[in-house]
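Every position in the sequence shown, counted from 1, becomes a number in my numbering once 1 is added. Just below is one structure, and these are the notes that go with it.
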Amino acid sequence: MTAKKLAAKRAELRAKGICLKSLCTENNVSYQAARDLLRGQLKGHRGEAHRAAVLLGLKPAPDSIKLAA
Numbered sequence: 002m003t004a005k006k007l008a009a010k011r012a013e014l015r016a017k018g019i020c021l022k023s024l025c026t027e028n029n030v031s032y033q034a035a036r037d038l039l040r041g042q043l044k045g046h047r048g049e050a051h052r053a054a055v056l057l058g059l060k061p062a063p064d065s066i067k068l069a070a
């Protein structure tokens, strides 16, 4: 994820008035992982960071990806 994409997502959350903490609590995702992801400290490859990336729309949901047969 690029710095521009992360900044755009932070701006989108701010513009919509969405609190990251409450979004994470409602969706059972680690707030710390989501915060670090938006700061660019985590990549969102696996675990809680990946779940946060999917929740924030930075990555597609794993079940929506079609693998080549």
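Note that CB positions come from ideal geometry on N, CA and C, so glycine has one too. These figures come from a predicted structure and were not determined experimentally.
- Per DSSP, reduced to three states, the secondary structure at R47 is coil, with no helix or strand assignment.
- V55 carries a helical assignment under DSSP once its states are collapsed to helix, strand and coil.
- In this structure, the beta-carbon distance from A53 to V30 falls below 8 Å.
- Here DSSP, grouped into helix, strand and coil, assigns Q42 to coil.
- In the same chain as L59, and ignoring 5 residues on each side of it, the C-beta atoms closer than 6 Å to its own belong to M2, in chain order.
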